[in-house]
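Undergrad:
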Amino acid sequence: MTTADGVPLKQSLNRAIRRSRIKALLLVAPLLVFIGLAFVMPIFDMLSRSVDNPEVSTYLPRTSEVLVDWDGEGLPEEAAYAALAQDLAAGLKARNLGRVASRLNYEKSGMRSLFMKSARRAGRMEAPYKAALIKADEDWEDPDIWRLIKRESSPLTASYYLAAVDRQFSPTGEIVEKPEYLQIHVSLFIRTFWMSAAITGLCLLLAYPVAWLLATLPASRGNLLMILVLLPFWTSLLVRTTTWIAILQQQGVLNDMLVGVGILAEEARIQMIYNKTGTIIAMTHILLPFMILPLYSVMKTIPPSYMHAARSLGAGPITAFRRVYFPQTLPGIGAGSILVFILSIGYYITPALVGGQSGRFITNFIAYHMQTSLNWGLAAAIGSILLVVVILFYLVYNRLIGVDKVKLG
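Residue numbers (our numbering): 5 to 413.
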């Protein structure tokens, strides 16, 4: 068969399909560009920063080249010392030595002062450079420092990921635990996960009856309750968080009420802020709507006749709920739980304001490494680990419940 202009019908249909696909692609192209710029590229940059290690090879090029052939035993030859003296003098003149000094200082405390002290004398040194550098600072007689420089000369490193799980390379290149007083990140990961799980559980416990009321009340009352549920979204997150500070502090509203009704003595006021309790309470309140809405969207689709039929067949209220109603709400429970859990893992402002020292999350230390210590590689490694954990939870959820069953509204 052919069309009016003599073109085969099949060929004409294929052209029409191609044109429609091109039009559809052009329509979604702005969205794809936005996702690429705002989502994919930042993630790729974070992953690359977590293993990127250009400082030593870039700012100590001669030293890195000489140390390639060093076997790591004893001290390197005179050529390595001569190369280091030249690199130190050049780095001081170019004012970029601080970058490599800070990078090595992440691995071994005192490296920055060693580099800057030696660099100030490097321009006046003469052969033999080995003796001159050791005279400038006897630490250059330590083989472990040279092994560190050789190891970090690689453009890629696993040091940031090791530091993120409280591990480090030993002087001989083995992976060992950090000293106990430096072990902090693993405990923060554990605290973040269990507190996020506790917040998710509390949100589910509080949201389930509220969502049931929303789904079963008459429209007039249900709409009013829905407005109350959505009301927190109309208030700044910062305002909500600071309000909890006023409520939960020792001289706050809640303690005043407990003292006023005689439950607590004046000298026995409870510390409910700047600790784990404050973080859990404030974040439960903030994330509660994210649990209510998925549950409500599922419960609204469950016909009331199901429960009436179960009761008419002899099932008690608890049995009818357990065997008929509750299983049908599992998609909403799953969607709300994974949403609240993932959001709570990544929360930053609320734990920073109300968590004190014991209620902070690992995300607060990501901000610390980004803004204070300027160890962006370690911050990227911690963020990458959190990304992997979120993906794993998503895969587990998909395996147990199925993403196709997610209902958010």
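Where is the CB? At the ideal position from N, CA and C, for every residue including glycine.
(1) If A286 and V344 are in contact, beta carbons under 8 Å, what's the gap, nearest whole angstrom?
(2) Does DSSP put D56 in a helix, a strand or coil?
(3) Could you give the residue range of the alpha helix (DSSP H) that holds V44?
(4) Quick one: what does DSSP say V180 is sitting in, helix, strand or coil?
(5) Considering only C-alpha positions, which residue in the set N402, R403, F397 and L404 is nearest to S200?
(6) With 16 as the cutoff for other CB atoms within 10 Å, does N18 come out buried or exposed?
(7) Apply the 10 Å Cβ neighbour rule to H189 and answer buried if 16 or more other Cβ atoms are within range, or exposed otherwise.
(8) How far does the beta strand (DSSP E) with R171 in it extend, from its first residue to its last?
(9) Let me check understanding here. Comparing Cα to Cα, which of L232, I284 and E271 lies closest to L252?
(10) Assuming the contact rule is C-beta atoms closer than 8 Å, A385 and Y165 should be a hit. Round their C-beta distance to whole Å, please.
(11) Alpha helix (DSSP H) containing R116: first to last residue?
(12) Does DSSP classify L291 as helix, strand or coil?
(13) Is the beta carbon of I346 sitting closer than 7 Å to the one on V394?
(14) Please state whether DSSP places L79 in a helix, a strand or coil.
(15) Do you know offhand how far T246's Cα is from I203's?
(16) Applying the 10 Å Cβ sphere with the 16-neighbour rule, what's the burial state of G387?
(17) So, are the CB atoms of G160 and N279 less than 7 Å apart?
(18) Do you know whose CA, among Q90, T196 and L210, lies nearest M295's CA?
(19) How is L390 classed by DSSP in three states: helix, strand or coil?
(20) So, under 8 Å CB-CB, M115 and A105 are touching, yes? Tell me the CB distance rounded to an integer number of Å.
(21) From the DSSP secondary-structure annotation, give me the bridge partner or partners of L160.
(22) With a threshold of 8 Å, are at least 3 pairs of Cβ atoms found where one atom belongs to the region 150–160 and the other to the region 168–176?
(23) My output table needs one value for N402: the three-state DSSP class, helix, strand or coil.
(24) Start and end of the alpha helix (DSSP H) containing E111?
(25) Count the other C-beta atoms from every protein chain shown that fall within 10 angstroms of the C-beta of K27, then say buried if there are 16 or more, exposed otherwise.
(26) In three-state terms, what does DSSP make of W216?
TA: Once the coordinates are examined:
(1) Not confirmed; about 14 Å, so no contact.
(2) strand
(3) Here V44 belongs to no alpha helix (DSSP H), and DSSP marks it neither H nor E.
(4) strand
(5) F397
(6) exposed
(7) buried
(8) R171 to F173
(9) I284
(10) 5 Å
(11) M115 to A126
(12) helix
(13) yes
(14) coil
(15) 19 Å
(16) buried
(17) It is Leu, not Gly, that sits at residue 160 in the sequence shown. For L160 and N279, no; Cβs fall outside 7 Å.
(18) L210
(19) helix
(20) 6 Å
(21) D56
(22) yes
(23) helix
(24) L101 to E111
(25) exposed
(26) helix
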